[in-house]
Structures are given as C-alpha cells and as structure tokens.
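Numbering (the working numbering), first residue to last: 31 to 168.
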C-alpha cells in the first residue's frame, strides 16, 4: 500500500503525505481466499481493514445455515472502524466474496498513533464520523 492508494480510501483522503506515511507504516497485508472470514460476528479484535483488491460481504448470521447480506465492500473501502470507538464485539461477519487482499491496521497501534498526533486524529475521526453518518442514512 502506498500514499496514492491510501488517498483513495475515504477515511484517509484528507491526510497530507507525511501523515499518510505514518498510517502506511502500520498496515500489514493479508490475503483471504473466497469464502474465508475476515472476522466473525462476536469477535473482539479492534483492527481496521482496508480492501486493496477484491470484495467482501458484510453479513449477519441469523442461524448457522442462514445469513443476511448487509452490504458488499470493494477496493478502497475501509471497515471495522466502529471497534476503534466502542471496543464492543463485532456486530457482523465479514467474508471474502472472492480472493481478496486486505490491509490490516491493529486497533491498539492505530489508537496510539492517533492519541499522539492530534492532526492525524482530527482528520481521521472526522472522516470516520462522516462515513458512519452516510451508512446510517441509507
């Protein structure tokens, strides 16, 4: 992941080059095969995820045999940001809809960076709030 890519991710698109470089240092890339869970409803990790290639489905598991697709996310979209705020278990599962490459930022590490850099924090938190508001209005 580079600065050009990160500038296309909505929650990071207002960062300058130096700020983007700080975020990029935190990213670990993982590959998920089609059908593999990125995380499951009820999991307690607080990582933030950015789709680099591929697509994922956000689902609620109604029963072990039945699920409801809430949304499909694609390249440049981020997810998992709610856990940065509330530390609550995941409210939905995210499953790779095809072979997918995802940048993962550990929640505690990101939180530490944001706590120590109010400039980055102000920009990122504002964009996350806007993103959450858009999702709620749909």
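Think of the CB as a built atom: it goes at the ideal place given N, C-alpha and C, for glycine as much as any other residue.
Who are residue 158's beta bridge partners in DSSP? By 1-based counting over the chain shown, the position of residue 158 is 128. BP columns for residue 158 are empty, so no partner.
Closest to residue 68 by CA distance: which of 39, 110 and 44 is it? Indexing the chain shown from 1 puts residue 68 at position 38. The option with the nearest alpha carbon to residue 68 is 110.
Below 8 Å on the Cβ atoms is my contact criterion, and I expect residue 134 with residue 79 to pass it. Report the Cβ-Cβ distance as a whole number of Å. The residue given as residue 134 occupies position 104 in the chain shown. The residue given as residue 79 occupies position 49 in the chain shown. About 6 Å separates the two Cβ atoms, so the contact holds.
Answer with buried or exposed for residue 156, where buried requires no fewer than 16 other C-beta atoms within 10 angstroms of its C-beta. If you number the chain shown from 1, residue 156 lands on position 126. Exposed is the call here.
In or out: residue 113 buried (at least 16 other Cβ within 10 Å) or exposed? Here the question's residue 113 lines up with position 83 in the chain shown. With 16 or more other Cβ atoms within 10 Å, it is buried.
Note down the Cα distance separating residue 138 from residue 144, rounded to an integer number of angstroms. On the chain shown, residue 138 is found 108 positions in, with the first residue counted as 1. On the chain shown, residue 144 is found 114 positions in, with the first residue counted as 1. Going from the Cα of residue 138 to the Cα of residue 144 covers about 10 Å.
Give the DSSP-derived three-state secondary structure of residue 82 in the structure shown. As a first step, residue 82 is located in the chain shown; it is residue number 52 there, counting from the start. Looking at residue 82 - three-state DSSP - the assignment turns out to be strand.
Compare the C-alpha of residue 59 against each of 52, 90, 46 and 83 and name the closest. By one-based count along the chain shown, residue 59 stands at place 29. The residue with the shortest Cα to Cα distance from residue 59 is 83.
Exposure of residue 49, with buried meaning 16 or more beta-carbon neighbours within 10 Å: Against the chain shown, residue 49 aligns to sequence position 19. Result: buried.
Can you tell which of 51, 106, 70 and 63 has its C-alpha closest to the C-alpha of residue 122? One-based indexing of the chain shown puts residue 122 at position 92. Answer by Cα proximity: 70.
What is the DSSP secondary structure of residue 148, counted as helix, strand or coil? The residue you call residue 148 lines up with position 118 of the chain shown. Helix, per DSSP.
Looking at C-beta atoms only, is the number of pairs between the segment 33-40 and the segment 102-109 that lie closer than 8 Å three or more? yes
From the DSSP output, in three-state form, read off residue 56 for me. Counting from one through the chain shown, the residue named residue 56 turns up at place 26. Coil, per DSSP.
Residue 133 bridges to which residues according to DSSP? Here residue 133 is taken as the residue at index 103 of the chain shown, counted from 1. Note: residue 133 sits in a beta bridge opposite 59 and 80.
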